[in-house]
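One structure below.
Protein chains in written order, with the working numbering: chain P, 632 to 963; chain C, 92 to 382.
Okay, structure coming up:
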């Protein structure tokens, strides 16, 4: 988006934020639920975008971390703990597990890593399903309370939507800061060329583990918000297909682009809803749309925009060159 | 321990189907670096094509032929030309995601145009048991095992004994050199896609009578085939066969001796162990080039 003038960009950003705050005020319960889901999935996808898009480590386990966060929040809040404490535990727990999951990445890469994380995802699902003493097994955990924020109850859909949106805002700022910090640059060096990164003195070992741990922690936050959003969780939503969906969100939005996860989550959460008027055909149309998009632009939606901007810049630059050249010629 | 024998036979029978599916998976990987996340759905679809042909009034044998031919056209030719070709140069990951979308599409199409309920499917092998070494073994298991072994033997003969097979292997191992010595690489790659489609059609025919025809049955099968392919060796046909049989047996033994709840965990843990200690698979070659 670097082609846009800065004030224009800021105005656009503010308009989008204002729209996200004001427009949903007259949405119905279901519309607010879908929009809250978009905010939650954006957080999880942002985490995966750090791991995959910035650090270049393929993970098919992000859904499992959403599950870990969701179960942590569900178990703690139903036992009377406040949600912020549960979020903190979800972060610490997912961070620690994500760190451990990073170890295979030190040994194997690409599709092998994808399959290790895929296996982890399935193992996590089995634990959610079978350890009924903790997770309620297939019956799940119900009556998950929504939090009180500064004394305000957020039981109604609109206030809880603002909780999700606020969390998304905080996470977005944190990620924005992170990718501009030396850390973010180390991640990108890791993605582009691990050997060269190492020769520059980057501790690739530590940053690989960190990429997994931080990405997973964001998945944990998303899960800790998902549990009070649905107020009931069972193992099914956290099976492998959630991990695959999140991966699809990141790629479709544009892996390695800051705004990619927001767009990807929008496509994955909202597009099927918009296509619902087609009744039974909506997931089919969704699948076809994703395939066509990827054929057209394998770098996702933002890839299209990026190429368009780059093309415009080259055009503008060559126009400037032509002008300069013709001036030179008239001078001679 | 008397039922160990039964477990082994049942395990080998499911393993043989995993092997069929996994072999196709490794063929696509070798020739075109395609990770096909829709491989499970590829096995699910032909059964429904056959059922559709039977609903249209075709006898079972004709439905089988129609189903397998359609599978070769749709899942072989069309898949290669419409999805893989335009995406091949974009690298492994976007293509893998596109096949995930394809899996959703196939599943939903079957659900919408056919049925969300499981349908029974006729078996090519008569039901009943025979007695082997004092054990009652179902004819179904034996039939599945025999057909799968014949298919795999046929494929390995094709690959290793015929000039066409040698051309295919050359195209897979080093496309550039193969092209120089006059192998029509593109046609060979297309052929592996058609062979994969044939194998999934066959697997569909063998497995559907046991597990019924259901739109969602591809997920478990696809995952088992992936594990089989990786455990055995991603880049080896014989690796995929060994991996398939091993996972089939392991799965059945785990269900009997570990716990039914965690049976799915055993192949997964095995997979993680194999990837960490022998990433190229039990029978695979390391992918680094020495020259």
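Cβ coordinates follow ideal geometry from the N, Cα and C atoms, glycine included.
Does residue i get closer than 8 Å to chain P when you measure Cβ to Cβ?
i, result
"residue 317 of chain C", "yes"
"residue 356 of chain C", "yes"
"residue 191 of chain C", "yes"
"residue 200 of chain C", "yes"
"residue 196 of chain C", "yes"
"residue 352 of chain C", "yes"
"residue 367 of chain C", "yes"
"residue 321 of chain C", "yes"
"residue 126 of chain C", "yes"
"residue 380 of chain C", "Because the pLDDT of residue 380 of chain C is 43, which lies under 50, any placement of that residue in the model is unreliable, and the number read from its coordinates should be weighed accordingly. Not an interface residue."
"residue 275 of chain C", "no"
"residue 203 of chain C", "yes"
"residue 184 of chain C", "yes"
"residue 92 of chain C", "Here residue 92 of chain C scores only 46 on pLDDT, less than 50, and its place in the model should not be relied on; the value that follows carries that caveat. Judged by the 8 Å Cβ criterion, residue 92 of chain C is not in contact with chain P."
"residue 338 of chain C", "no"
"residue 359 of chain C", "yes"
"residue 227 of chain C", "no"
"residue 220 of chain C", "no"
"residue 373 of chain C", "no"
"residue 178 of chain C", "yes"
"residue 140 of chain C", "no"
"residue 174 of chain C", "yes"
Contact defined as beta carbons within less than 8 Å: I believe residue i pairs with residue j. What is the distance between those atoms, to the nearest angstrom?
i, j, result
"residue 725 of chain P", "residue 751 of chain P", "Going by Cβ atoms, the distance from residue 725 of chain P to residue 751 of chain P rounds to 12 Å, so no, they are not a contact pair."
"residue 281 of chain C", "residue 171 of chain C", "6 Å"
"residue 735 of chain P", "residue 366 of chain C", "7 Å"
"residue 333 of chain C", "residue 320 of chain C", "Actually they do not touch by this definition, with Cβ atoms about 10 Å apart."
"residue 573 of chain P", "residue 877 of chain P", "The structure shown does not extend to residue 573 of chain P, since chain P is modelled only from 632 through 963, so no value can be given for it."
"residue 792 of chain P", "residue 667 of chain P", "5 Å"
Output yes if chain C places a C-beta closer than 8 Å to the C-beta of residue i; else output no.
i, result
"residue 662 of chain P", "no"
"residue 822 of chain P", "no"
"residue 956 of chain P", "no"
"residue 879 of chain P", "yes"
"residue 772 of chain P", "no"
"residue 738 of chain P", "yes"
"residue 746 of chain P", "yes"
"residue 936 of chain P", "no"
"residue 896 of chain P", "no"
"residue 640 of chain P", "no"
"residue 632 of chain P", "Confidence is the limiting factor: at residue 632 of chain P the pLDDT is only 47, short of 50, which leaves the residue's position unreliable, though a coordinate-based value still follows. With 8 Å as the cut-off, residue 632 of chain P does not count as an interface residue toward chain C."
"residue 779 of chain P", "no"
"residue 912 of chain P", "yes"
"residue 932 of chain P", "no"
"residue 875 of chain P", "yes"
So does residue i have its beta carbon nearer than 7 Å to some heavy atom of the ligand ATP?
i, result
"residue 109 of chain C", "Among the ligands in the structure shown, none appear at all, so the ligand ATP cannot be discussed."
I'd like to know whether the C-beta atoms of residue i and residue j end up nearer to each other than 8 Å.
i, j, result
"residue 313 of chain C", "residue 102 of chain C", "no"
"residue 701 of chain P", "residue 858 of chain P", "yes"
"residue 210 of chain C", "residue 300 of chain C", "no"
"residue 892 of chain P", "residue 881 of chain P", "yes"
"residue 828 of chain P", "residue 772 of chain P", "no"
"residue 166 of chain C", "residue 288 of chain C", "yes"
"residue 154 of chain C", "residue 295 of chain C", "no"
"residue 795 of chain P", "residue 896 of chain P", "no"
"residue 336 of chain C", "residue 131 of chain C", "no"
"residue 162 of chain C", "residue 292 of chain C", "yes"
"residue 869 of chain P", "residue 698 of chain P", "yes"
"residue 212 of chain C", "residue 303 of chain C", "yes"
"residue 830 of chain P", "residue 694 of chain P", "no"
"residue 316 of chain C", "residue 113 of chain C", "yes"
"residue 306 of chain C", "residue 135 of chain C", "yes"
"residue 175 of chain C", "residue 125 of chain C", "yes"
"residue 879 of chain P", "residue 921 of chain P", "yes"
"residue 883 of chain P", "residue 931 of chain P", "yes"
"residue 149 of chain C", "residue 190 of chain C", "no"
Can you find a C-beta in chain D that's less than 8 Å from the C-beta of residue i?
i, result
"residue 695 of chain P", "Note that chain D does not occur in the displayed structure, where the protein chains are P and C."
Whole alpha helix (DSSP H) runs in the segment 671 to 728 of chain P with 4 or more residues, listed along the chain? 693 to 709, all fully within the segment 671 to 728 of chain P.
Could I get the ranges of all uninterrupted beta strand (DSSP E) runs contained in the segment 169 to 249 of chain C, with 3 residues as the minimum, in chain order? Segments of the beta strand (DSSP E) lying fully in the segment 169 to 249 of chain C: 220 to 223, 226 to 229.
Within the chosen definition, does the segment 826 to 842 of chain P reach the segment 647 to 661 of chain P through at least 3 CB pairs nearer than 8 Å? Contact fails: fewer than three Cβ-Cβ distances are below 8 Å.
Would you call the segment 853 to 868 of chain P in contact with the segment 898 to 913 of chain P, where contact means no fewer than 3 C-beta pairs closer than 8 Å? No: the two stretches stay apart, fewer than three of their Cβ pairs being nearer than 8 Å.
Assess contact between the segment 907 to 917 of chain P and the segment 715 to 732 of chain P, defined as three or more Cβ pairs (one per stretch) separated by less than 8 Å. Is contact present? Put simply, the segment 907 to 917 of chain P does not touch the segment 715 to 732 of chain P. Fewer than three CB pairs are less than 8 Å apart.
At least three beta-carbon pairs within less than 8 Å, the segment 366 to 373 of chain C to the segment 321 to 328 of chain C: Counting C-beta pairs closer than 8 Å gives three or more between the segment 366 to 373 of chain C and the segment 321 to 328 of chain C, which meets the contact rule.
4 or more residues per run - each alpha helix (DSSP H) lying fully within the segment 866 to 899 of chain P: Unbroken alpha helix (DSSP H) stretches of 4 residues or longer found wholly inside the segment 866 to 899 of chain P: 871 to 884, given in chain order.
Are there three or more Cβ pairs, one per stretch, closer than 8 Å when the segment 342 to 357 of chain C is compared with the segment 230 to 246 of chain C? Touching, no, given that fewer than three Cβ pairs across the two stretches are closer than 8 Å.
Minimum length 4: unbroken alpha helix (DSSP H) runs contained in the segment 786 to 860 of chain P: Residue ranges of uninterrupted alpha helix (DSSP H) with 4 or more members, entirely inside the segment 786 to 860 of chain P and ordered along the chain, are 788 to 811, 813 to 823, 825 to 830.
Count the C-beta pairs between the segment 271 to 281 of chain C and the segment 256 to 263 of chain C that are closer than 8 Å, then say yes if the count reaches three, no if not. Yes: at least three Cβ pairs fall under 8 Å.
Complete alpha helix (DSSP H) runs within the segment 283 to 333 of chain C (minimum length 4 residues, chain order): Segments of the alpha helix (DSSP H) lying fully in the segment 283 to 333 of chain C: 309 to 323.
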